[in-house]
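S.K.: Per UniProt numbering, the very first residue in the first sequence carries number 1; after that it's consecutive.
Every residue, glycine too, gets a C-beta built ideally from N, C-alpha and C.
Quick caveat, the model's predicted, so the values are computed rather than measured.
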Amino acid sequence: MADIQIAKKGEASQTFPEGITAGEAVKALCSNKERKQTLAVRVGEDLLDLSASLMADAEFELITADSSEGLDILRHSSSHIMAQAILEIFGADGIKVAIGPSTADGFYYDFDRQEPFSPEDFEAIEKKVKEIAAAALPFEREVMPRSKAIEYFTERGEVYKVELLNEIEDDTVSLYRQGDFVDLCRGPHLPHSGWVRAFKMIRLAGAYWRGDEKNPMLQRMYGTAFFDPKALKKYLHQLEEAKKRDHRKLGKELELFTINDQVGPGLILWQPKGALARKLIEDYWKEEHYRNSYELLYTPHIAKRDLWATSGHLDFYAEDMFSSMDVDDVSYQLKPMNCPFHIGIYKTKKRSYREFPIRWCELGTVYRYERTGALQGLMRVRGFTQDDAHIFCLPEQLEDEIFNIIDLNLHVLKTFGFTEYNIYLSTRPDKFVGSEENWAKATEALKRALEKKGLDYEVDPGEGVFYGPKIDIKIKDVLGRSWQCSTIQVDFNLPERFQMSYTGEDGKDHQPIMIHRALMGSLERFFGILIEHYAGAFPLWMAPVQAKILNITDAQLDYTESAFKELRQAGVRIEKDTRNEKLNYKIREAQLAKIPYMLIIGDKEVEEQTVTVRLRDGKNLPPMSVSDFAEMIHAESQGSISPQ
RNA sequence: GCUCACGUAGCUCAGGAGGUAGAGCACUUCCUUGGUAAGGAAGAGGUCACCGGUUCAAAUCCGGUCGUGAGCUCCA
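1. With distances taken from CA atoms, which of Gln5, Lys148 and Gly251 is nearest alanine 593?
2. Could you give the distance in angstroms between the alpha-carbon of glutamate 436 and the alpha-carbon of valine 465?
3. In chain order, what are the residue ranges of uninterrupted alpha helix (DSSP H) at least 4 long that sit wholly in the segment 106 to 191?
4. Could you spell out where the alpha helix (DSSP H) holding residue 645 opens and where it closes?
5. Does the segment 109 to 121 touch the segment 22 to 41, meaning 3 or more C-beta pairs lie closer than 8 Å?
6. Decide if residue 694 is buried, meaning its Cβ has at least 16 other Cβ atoms within 10 Å, or exposed.
7. Note down the Cα distance separating lysine 230 from glutamine 569, rounded to an integer number of angstroms.
8. On a CA-only basis, which of Leu363, Asp320, Pro512 and Gly344 is nearest alanine 374? Give me that one, please.
9. Hey, which unbroken runs of the alpha helix (DSSP H) at 4 residues or more fall wholly within the segment 610 to 644?
10. Quick one: measure Cβ to Cβ for glutamine 483 and isoleucine 471, integer angstroms, because I've assumed they're closer than 8 Å.
11. Return yes when the Cβ of proline 544 is within less than 7 Å of the Cβ of alanine 277, no when it is not.
12. Name the DSSP bridge partner or partners of glutamate 458?
13. With DSSP as the reference, please indicate the residues paired to alanine 223 in a beta bridge.
14. Count the other CB atoms, across all protein chains shown, that sit within 10 Å of the CB of methionine 325; report buried if there are 16 or more and exposed otherwise.
15. Does the segment 346 to 363 come close enough to the segment 386 to 396 that 3 or more CB-CB pairs lie under 8 Å?
16. Taking all protein chains shown into account, decide if residue 709 is buried (16 or more other Cβ within 10 angstroms of its Cβ) or exposed.
17. Lysine 96: which of Glu140, Glu155, Leu280 and Ser147 sits nearest, CA to CA?
18. Between the C-alpha atoms of glutamine 14 and glycine 194, what's the straight-line distance to the nearest angstrom?
19. With a CB to CB cut of under 6 Å and the five nearest residues on each side skipped, what residues in its chain are close to alanine 7?
20. What residues are listed by DSSP as bridge partners for aspartate 509?
21. What three-state label does DSSP hand aspartate 328 in the structure shown?
22. Count Cβ pairs between the segment 164 to 183 and the segment 141 to 148 that sit closer than 8 Å; are there 3 or more?
23. Report the rounded CA-to-CA distance for proline 469 versus threonine 427, giving the unit in angstroms.
24. Does leucine 250 come out as helix, strand or coil in the three-state DSSP assignment?
25. Pick from Thr365, Ala83 and Phe416: whose alpha carbon is nearest that of glutamate 288?
26. Please report the residue range of the alpha helix (DSSP H) in which phenylalanine 403 lies.
27. Once DSSP output is grouped into helix, strand and coil, what is the label at isoleucine 601?
28. Between the Cα of leucine 267 and those of Tyr208, Ser311 and Tyr367, spot the shortest distance and give me the residue it belongs to.
29. Measure the CB-CB distance between proline 623 and leucine 540 and report whether it falls below 7 Å.
30. Only counting the same chain, and skipping five residues up and downstream in sequence, which positions put a Cβ closer than 8 Å to that of glycine 206?
31. Can you tell which of Phe356, Gln376 and Ile423 has its C-alpha closest to the C-alpha of leucine 398?
32. Roughly how many angstroms separate the alpha carbons of histidine 80 and aspartate 180, rounded to a whole number?
33. Counting along the chain, where does the beta strand (DSSP E) carrying leucine 550 start and finish?
34. Which of helix, strand or coil does DSSP assign to proline 544?
35. Measure the Cβ-Cβ separation of serine 311 and proline 336 and say whether it is below 7 Å.
36. What is the C-beta distance between glycine 187 and glycine 106, in whole angstroms, given that I count them as a contact (C-beta under 8 Å)?
So, in structure tokens, the structure goes:
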């Protein structure tokens with residue numbers, strides 16, 4: 001057997017016999033302390049577990065429990081352990097196993113079983129997993145010819161594994177065994193099951209085999225695992241926090257919006273409080289656009305179906321559109337997008353290059369058919385309002401326009417409290433319209449704009465829409481969840497389809513560059529995200545009710561009434577609660593309604609012509625006059641929506 | 001659309017092994033006029049999502065429809 005040279009990265013190598021396991025090499029080359037934290041090693045691009053044999057010279061890095069790769073390995077192994085537990089509890093006879101990968105938050109494993117699992121089974125599964133963890137069963141890797149593995153799984157009736165094996169191109173495959181559970185798996189895995197110290201079943205749901213709805217529906221069991229029980233506790237706490245912030249729950253409690261069976265699923269009814277918040281958002285949006293040299297448009301909700309044939313929507317998106325309706329024997333269609341209307345306005349006259357860039361924006365309500373199963377609160381609806389805009393410009397203006405859009409975009413997001421985001425640049429897909437040259441130029445312009453703004457971004461190769469490259473911005477909310485709202489897309493398709501043109505400097509006709517962009521995406525969805533981001537406690541500038549006056553007894557009714565009128569006059573969004581209830585009761589209600597300020601009026605305040613101000617967090621400000629309060633509110637609201 | 005679960009008063013939920021329903025909050029009225037998160041009493045409110053079937057009898061069992069949730073799929 002030949003000798004090989006192995007080294008810990010950055011350190012001197014030692015000679016070992018070929019076939020030595022990674023674990024033995026780590027033991028020889030690393031300190032005890034390091035070894036104890038090591039789950040696997042990275043050699044080049046590959047992650048190997050400690051039981052893997054090293055067959056050539058290698059330099060390795062340690063993958064320890066405190067790394068994200070380590071957590072991934074833990075969860076992947078936990079899915080195997082969960083599968084083992086489930087087979088032990090329910091018997092392997094009636095169950096076929098499918099796949100069990102790790103995910104961003106944990107892992108899942110898919111099972112094919114006649115009888116449904118139920119959440120009541122979770123406790124027993126968790127208990128069994130604990131037993132398996134306590135037994136510290138080693139994960140044993142076995143490499144065998146593919147044909148032998150096929151034979152092995154065929155014998156056991158594991159048809160899904162056989163299907164996977166038949167598609168693997170390598171001659172040899174690896175199997176992992178812990179206890180009696182054997183699974184086809186690339187690995188790497190934990191050294192032994194004892195590493196699983198914090199395990200929790202999360203939920204179960206149906207999932208098609210390989211995500212294809214023609215395939216059988218399997219039962220997907222979701223779980224999560226952590227090295228540290230405290231981290232699990234924190235994660236579960238976060239799930240609860242997300243539940244508390246659920247915009248559907250808060251939307252109901254705060255009377256922001258409702259969805260009504262009789263009206264139809266996926267259609268939002270904005271209640272007064274929600275409608276007012278929306279108005280504030282829209283007002284801000286419009287002012288910001290006006291300041292940035294956009295012009296506002298309004299367009300109708302329906303149009304002749306032919307328009308959508310010209311635009312290409314019927315070819316590409318017919319399935320996502322509502323069915324047509326006949327009006328005087330002509331077919332009409334609810335709009336799924338605003339762009340053809342804006343193009344209609346563009347075409348009202350002959351355009352000159354001197355007019356460019358043309359920047360048109362609209363809060364345009366569109367209707368898209370979403371499958372019933374996809375609908376969710378405000379996040380996924382059938383009728384929604386896009387904060388849409390279309391920019392028509394010259395090729396040489398593209399980069400500047402993109403730059404300005406990004407600038408405005410990030411400013412608007414910041415005003416709403418989103419300062420963390422990931423940016424993605426999607427490039428030309430396999431199927432595309434327009435010339436390769438134009439694609440390259442446009443993509444380059446997007447890139448340069450991002451770089452000029454000093455922004456980090458990731459390239460999503462081939463992920464562009466067929467009509468042009470795009471930039472997507474995903475914001476992070478206060479719980480660290482990502483939401484894609486903003487998108488900036490270059491379009492080579494519509495100008496062509498609608499034969500748009502302008503007269504250039506040379507007196508000839510040219511085709512304009514068209515940019516679509518949305519900052520919030522859908523107002524409905526964005527509002528849902530805001531509700532969850534702020535847990536319903538909106539910042540002052542967009543709070544539908546900024547303050548509520550609470551009188552202590554009927555004796556202060558007159559003063560309460562005059563303070564109320566004065567504040568309304570002063571433009572403060574004020575309400576009053578003059579019911580015959582105790583102060584405690586009124587405070588509780590205002591607090592639950594997440595109103596930023598409570599103004600308390602008792603005999604003392606009447607006498608001194610002041611109000612006592614209570615904040616949402618329970619603290620009090622010193623008594624102040626009504627006009628001082630109005631001024632304070634205005635100053636504070638203005639501060640948070642400073643213009644760009 | 002698919003799988004599973006769920007649908008009882010405005011809201012949050014209990015109950016119901018088949019004999020036409022209950023709590024708390026909210027609402028109305030009365031008492032109480034009380035300084036920083038629920039004062040008291042009374043009253044009103046539901047053909048138990050809808051449609052069909054089984055049954056002497058269905059809110060309860062069965063089937064379908066609609067809606068909601070979790071996920072799959074989809075997301076121009």
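M.R.: Here's the rundown:
1. Numbered from 1 along the first sequence, position 593 holds the residue referred to as residue 593. Nearest Cα to alanine 593 within the set Gln5, Lys148 and Gly251: Gly251.
2. Translated into the one-based positions of the first sequence, residue 436 becomes position 436. Translated into the one-based positions of the first sequence, residue 465 becomes position 465. Rounded to whole angstroms, glutamate 436 to valine 465 spans 14 Å at the Cα level.
3. 122 to 134, 146 to 155 and 159 to 167, all fully within the segment 106 to 191.
4. Residue numbering for the chain in the displayed model covers 1 to 644; residue 645 lies beyond these limits and cannot be assessed.
5. Because the criterion of three Cβ pairs below 8 Å is not met, the segment 22 to 41 and the segment 109 to 121 do not touch.
6. No answer is possible for residue 694: the residues shown for the chain start at 1 and end at 644.
7. Residue mapping note: residue 230 aligns to position 230 of the first sequence, counting from 1. Residue mapping note: residue 569 aligns to position 569 of the first sequence, counting from 1. Going by C-alpha positions, lysine 230 is about 53 Å away from glutamine 569.
8. For this step, residue 374 is matched to residue 374 along the first sequence. Checking every option, the nearest Cα to that of alanine 374 belongs to Asp320.
9. Within the segment 610 to 644, the complete alpha helix (DSSP H) segments at least 4 residues long are 626 to 640, listed from N- to C-terminus.
10. Looking up residue 483 in the first sequence gives position 483. Looking up residue 471 in the first sequence gives position 471. One point to set straight first is that residue 483 is tryptophan, not glutamine, in the sequence displayed. That belief does not hold up - the Cβ atoms of tryptophan 483 and isoleucine 471 are roughly 16 Å apart, past 8 Å.
11. The count along the first sequence starts at 1 and reaches residue 277 at position 277. The count along the first sequence starts at 1 and reaches residue 544 at position 544. For the pair alanine 277 and proline 544, the CB atoms are nearer than the 7 Å cut-off.
12. Numbered from 1 along the first sequence, position 458 holds the residue referred to as residue 458. DSSP output for glutamate 458 lists Tyr424 as bridge partner(s).
13. Here residue 223 corresponds to residue number 223 of the first sequence, with the count starting at 1. Sequence check: residue 223 is glycine here, not alanine. DSSP links glycine 223 through a beta bridge to Phe107 and Met201.
14. Counting from 1 along the first sequence, the entry for residue 325 is found at position 325. Within 10 angstroms of the beta-carbon of methionine 325 lie fewer than 16 other beta-carbons, which makes it exposed.
15. Touching, yes.
16. The question about residue 709 has no answer here: the residues shown for the chain are numbered 1 through 644.
17. Locating residue 96 in the first sequence gives position 96, where the first residue counts as 1. Ranking Glu140, Glu155, Leu280 and Ser147 by Cα distance to lysine 96 puts Glu155 first.
18. The sequence position of residue 14 within the first sequence is 14, counting from 1. The sequence position of residue 194 within the first sequence is 194, counting from 1. In this structure, the CA atom of glutamine 14 is about 30 Å from the CA atom of glycine 194.
19. Along the first sequence, one-based indexing puts residue 7 at 7. Closer than 6 Å at the Cβ level, and outside the excluded window around alanine 7, lie Ser13 and Glu59.
20. One-based indexing of the first sequence puts residue 509 at position 509. Bridge pairing for aspartate 509: Thr503 [DSSP].
21. On the first sequence, position 328 is the one that residue 328 refers to. In this structure, DSSP gives aspartate 328 a state outside helix and strand, which the three-state scheme calls coil.
22. A contact exists between the segment 164 to 183 and the segment 141 to 148.
23. What you label residue 469 is simply residue 469 of the first sequence in a count that begins at 1. What you label residue 427 is simply residue 427 of the first sequence in a count that begins at 1. In this model, proline 469 and threonine 427 are separated by some 5 Å (Cα to Cα).
24. Taking the first residue of the first sequence as position 1, residue 250 is located at position 250. In this structure, leucine 250 counts as helix in the three-state DSSP scheme.
25. Locating residue 288 in the first sequence gives position 288, counting from the first residue. Out of Thr365, Ala83 and Phe416, Phe416 has the C-alpha closest to the C-alpha of glutamate 288.
26. Taking the first sequence and counting its residues from 1, the one referred to as residue 403 is at position 403. Unbroken alpha helix (DSSP H) run through phenylalanine 403: 398 to 415.
27. As a first step, residue 601 must be located in the first sequence, where it is residue number 601. Residue state, collapsed to three classes: strand.
28. Along the first sequence, read from residue 1 onward, the residue named residue 267 stands at position 267. The closest CA to that of leucine 267, considering only Tyr208, Ser311 and Tyr367, is found on Tyr367.
29. By one-based count along the first sequence, residue 623 stands at place 623. By one-based count along the first sequence, residue 540 stands at place 540. No, they are not a contact pair.
30. What you label residue 206 is simply residue 206 of the first sequence in a count that begins at 1. Cβ neighbours of glycine 206 beyond the five flanking positions: Met217, Leu218, Gln219 and Arg220.
31. Within the first sequence, the letter at position 398 stands for residue 398. Comparing Cα-Cα distances from leucine 398 to each of Phe356, Gln376 and Ile423, the minimum goes to Phe356.
32. Taking the first residue of the first sequence as position 1, residue 80 is located at position 80. Taking the first residue of the first sequence as position 1, residue 180 is located at position 180. Straight-line spacing of the CA atoms in histidine 80 and aspartate 180 works out to 11 Å.
33. For the purposes of this step, residue 550 is identified with residue 550 of the first sequence, where counting begins at 1. Its beta strand (DSSP E) spans residues 547 to 551.
34. Locating residue 544 in the first sequence gives position 544, where the first residue counts as 1. If DSSP states are grouped into helix, strand and coil, proline 544 belongs with coil.
35. Residue 311 sits at position 311 when you count from the first residue of the first sequence. Residue 336 sits at position 336 when you count from the first residue of the first sequence. Contact flag unset, no.
36. Indexing the first sequence from 1 puts residue 187 at position 187. Indexing the first sequence from 1 puts residue 106 at position 106. Rounded, the Cβ-Cβ distance is 18 Å, inconsistent with contact.
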